[in-house]
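In our numbering, the protein residues as written are 7 to 228.
Next comes the structure, spelled out in structure tokens:
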């Protein structure tokens, strides 16, 4: 998705900066395999997540050429459709797949519109509106990031039990952060936190969304 959009829109000043909230040994092989032509960074300390309040992947922040946030963090065209998957057959209903494709298309079209029209795009939020959509500072979230960074430091010192205790504190204080949860979650053979623990946590959401809803015409309910 991002490689195609970058190739299509780079002549209009569009730039993709991808950031993996992961450890180098986990993220680097994926980047090497895909070999994107736009910059890809590995944020092992989740500093970008802390600065921009990112809690999941894929999320995106639209920033214009002046450095102003045009759209605060939101799902980059992803939906909760995966929750309809049959966990025995790993199949997803066709209607859900179609809706997922539709939402992704709407998101991409909105991005194109912004790149081509700038402030004239209906999808470019004013500074005031963008500020209203940015989450207010939360002491618990700030404390969670401190515990998380300490956990990462302890892990690098091979003090795993202490690291896990810090990660648990971070997750308790900031339960909305799936990025934090994945750091200490059980991984499958692909290195992904997508096993029973993941699905149990997804199920515990109930009616709450996994991905932050995209506030765009036609996809608010996705």
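For each residue, glycine too, the CB sits at the ideal point set by N, CA and C.
Option in the options with minimal Cα separation from residue i
i	options	result
residue 155	65, 56, 62, 120	56
residue 71	184, 159, 118, 124	124
residue 104	116, 84, 122	84
residue 196	7, 27, 32, 11	32
residue 220	106, 54, 187, 207	106
residue 93	144, 206, 138, 181	206
residue 13	30, 54, 45, 51	45
residue 146	169, 68, 114, 182	182
residue 29	204, 225, 217, 198	198
Straight-line gap, residue i to residue j (C-alpha atoms, nearest Å)
i	j	result
residue 22	residue 15	10 angstroms
residue 96	residue 61	25 angstroms
residue 228	residue 110	Residue confidence is low: residue 228 scores 37 on pLDDT, short of 50, so the model does not pin down where it sits. No coordinate-derived value is stated.
residue 9	residue 82	14 angstroms
residue 75	residue 66	11 angstroms
residue 112	residue 157	39 angstroms
residue 126	residue 188	39 angstroms
residue 26	residue 185	10 angstroms
residue 18	residue 39	27 angstroms
residue 190	residue 141	25 angstroms
residue 24	residue 214	27 angstroms
residue 171	residue 223	42 angstroms
residue 134	residue 36	38 angstroms
Extent of the continuous beta strand (DSSP E) run through residue i
i	result
residue 17	Unbroken run through residue 17: none, as it is neither H nor E.
Residues that DSSP places opposite residue i in a beta bridge
i	result
residue 68	77
residue 47	25
residue 97	92
Where the alpha helix (DSSP H) through residue i begins and ends
i	result
residue 27	Taken as a continuous stretch (DSSP letters only), residue 27 belongs to no alpha helix (DSSP H), as it is neither H nor E.
residue 177	166-179
residue 209	202-209
residue 54	53-58
residue 159	145-162
residue 133	133-139
residue 185	184-190
Whole-number beta carbon distance between residue j and residue i, since they are thought to touch under 8 angstroms
i	j	result
residue 120	residue 130	5 angstroms
residue 209	residue 201	That pair is no contact at about 13 angstroms.
residue 153	residue 179	7 angstroms
residue 99	residue 90	6 angstroms
residue 203	residue 192	5 angstroms
residue 169	residue 161	4 angstroms
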